[in-house]
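Novice: The structure's right below; bear with me while I get my questions together.
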Amino acid sequence: MPFELRHVNVYLLRDGNQYTLVDTGLQTEESRQVLNQKLAAMKVRVDRISRILITHIHPDHFGLAGELRERSGAELIIHRLEVALMEPRYARAEDLVHDVGKWLSLNGVPEEEAEFVKSASMGAREYVSVVEPDTLLEGAERLPVDDTEIEVVWTPGHSPGHCCFYWPARGVLLSGDHLLPKISPNIGLHPQSGADPLDDYIASLDRIRRLEVETASPLVLRSPAGSWLPSCSRASCSATCSSSDSRCRRRWRIVNHWPSRAGCTSRSAASW
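With my numbering as the guide, the letters of the sequence shown map in order to residues 198 to 469.
As structure tokens, then:
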């Protein structure tokens with residue numbers, strides 16, 4: 198990626214003879230080529246992707262959504278609160294720049310700094326193909342996949358409509374930018390945030406902590422903006438890890454690892 202974070206992860210879930218894709222990556226030639234290469238390596242045609250789930254509409258997670266839906270004919274699914282952010286963020290960006298500048302000024306940011314900050318992220322618009330979703334989420338839905346179900350967990354904080362996707366049958370949580378191994382998920386107050394995003398985030402963590410995640414499964418909690426952790430040394434982790442085999446052999450509750458936001462993970466291919 199052309200940002201400080203050099204990569205983003207997407208996930209491919211087998212669903213009978215079809216597939217569900219979770220997040221898409223940026224609309225760049227490099228992202229497009231990597232995704233196409235990985236699909237080809239797994240012998241998965243794009244038209245076999247029947248559903249695209251989006252954790253949130255930031256460019257690195259949503260950028261290729263429009264193109265992929267056109268190529269695959271897949272159903273595009275996003276939380277309704279994210280849809281409200283798309284037009285002002287990507288189609289009417291000049292209005293958003295004005296609102297951000299006014300908001301910064303009201304909150305005491307010096308004029309010279311506010312002038313720079315208000316448009317700092319506008320360059321990301323070129324990496325997004327804006328598209329209307331087919332289905333809107335509220336949170337707590339259960340989506341059928343491969344004779345089981347994925348639970349939608351609404352986790353506002355990083356973004357008002359951010360969702361994680363929990364697969365109880367596999368003990369897998371796809372956490373978007375809600376849980377990151379080494380960095381903050383950036384819980385910021387701004388014109389497109391909720392009124393109290395930090396409080397929203399803490400409440401979301403409590404929602405996630407109730408989920409049992411089986412980290413003996415391949416590719417557990419490889420966060421889309423994070424990196425692999427080869428082992429876990431936190432005393433609160435109930436699992437036994439080693440550098441030679443990073444798979445945790447027991448269940449753990451995710452928030453036991455917060456605020457480091459780190460989890461025990463295992464290396465594997467990005468599909469089930």
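Cβ atoms here follow ideal geometry from the backbone N, Cα and C, with glycine treated the same way.
None of these values were measured; they are calculated from a predicted model.
(1) Would you call His387 buried or exposed, if buried means 16 or more other Cβ atoms sit within 10 Å of its Cβ?
(2) Excluding five sequence neighbours on each side, which residues of the same chain lie with their C-beta closer than 6 Å to the C-beta of Glu279?
(3) Under the rule that 16 or more other beta-carbon atoms within 10 Å means buried, what is Thr221, buried or exposed?
(4) Please report the residue range of the beta strand (DSSP E) in which Leu210 lies.
(5) Mapping the DSSP letters down to three states, classify Val241 as helix, strand or coil.
(6) Is the number of C-beta pairs between the region 374-385 and the region 249-269 that are closer than 8 Å three or more?
(7) Quick check: the region 257-270 against the region 213-228, are there 3 or more CB pairs under 8 Å?
(8) Helix, strand or coil: which one does DSSP assign to Glu309?
(9) Hey, is the region 297-315 in contact with the region 396-413, meaning 3+ C-beta pairs nearer than 8 Å?
(10) For Val327, which residues of its own chain have a beta-carbon under 7 Å away from its beta-carbon, when the five flanking residues on both sides are left out?
(11) Just the Cα atoms here: how many angstroms apart are Ser356 and Ser390?
(12) From Gln224, Val410 and Leu218, pick the residue whose C-alpha is nearest to that of Ile249; which is it?
(13) Is the beta carbon of Gln224 sitting closer than 8 Å to the one on Leu273?
(14) State yes or no: is the C-beta of Tyr213 within less than 8 Å of the C-beta of Asp244?
(15) Under the three-state reduction of DSSP, which class applies to Glu226: helix, strand or coil?
(16) Can you check whether the CB of Arg339 is closer than 8 Å to the CB of Glu348?
(17) Alpha carbon to alpha carbon, what distance is there between Ile405 and Pro341?
(18) Please name the residue in Cys360, Glu267, Arg367 and Ile380 whose C-alpha comes closest to that of Arg211.
Specialist: On the basis of the supplied data:
(1) Of the other Cβ atoms in all chains shown, fewer than 16 fall within 10 Å of the Cβ of His387; this residue is therefore exposed.
(2) Sequence-distant partners of Glu279 (beyond 5 residues in either direction) whose C-beta falls short of 6 Å from its own C-beta, in its chain, are His253, Ile254 and Gly358.
(3) Result: buried.
(4) Counting along the chain, the beta strand (DSSP E) containing Leu210 begins and ends at Tyr208 to Asp212.
(5) Judged by DSSP in its simplified three-state form, Val241 adopts coil rather than helix or strand.
(6) Yes, the region 374-385 is in contact with the region 249-269.
(7) Yes, they touch.
(8) Under the three-state reduction of DSSP, Glu309 is assigned to helix.
(9) Three or more Cβ pairs closer than 8 Å define a contact, and the region 297-315 falls short of that threshold against the region 396-413.
(10) Only Gly263, Met283, Tyr287 and Ala288 meet the Cβ criterion.
(11) Cα to Cα, the separation comes out at about 7 Å.
(12) Per the C-alpha coordinates, the member of Gln224, Val410 and Leu218 positioned closest to Ile249 is Leu218.
(13) Annotated as distal: Gln224 and Leu273, with beta-carbon spacing of 8 Å or more.
(14) Checking the displayed sequence, the identity of residue 213 turns out to be Gly instead of Tyr. No. Outside cutoff.
(15) Taken through DSSP and simplified to helix, strand or coil, Glu226 comes out as helix.
(16) Yes, Cβ-Cβ distance for Glu348 and Arg339 is below 8 Å.
(17) Pro341 and Ile405 have their alpha carbons spaced roughly 20 Å apart.
(18) For Arg211, the nearest C-alpha among the options comes from Arg367.
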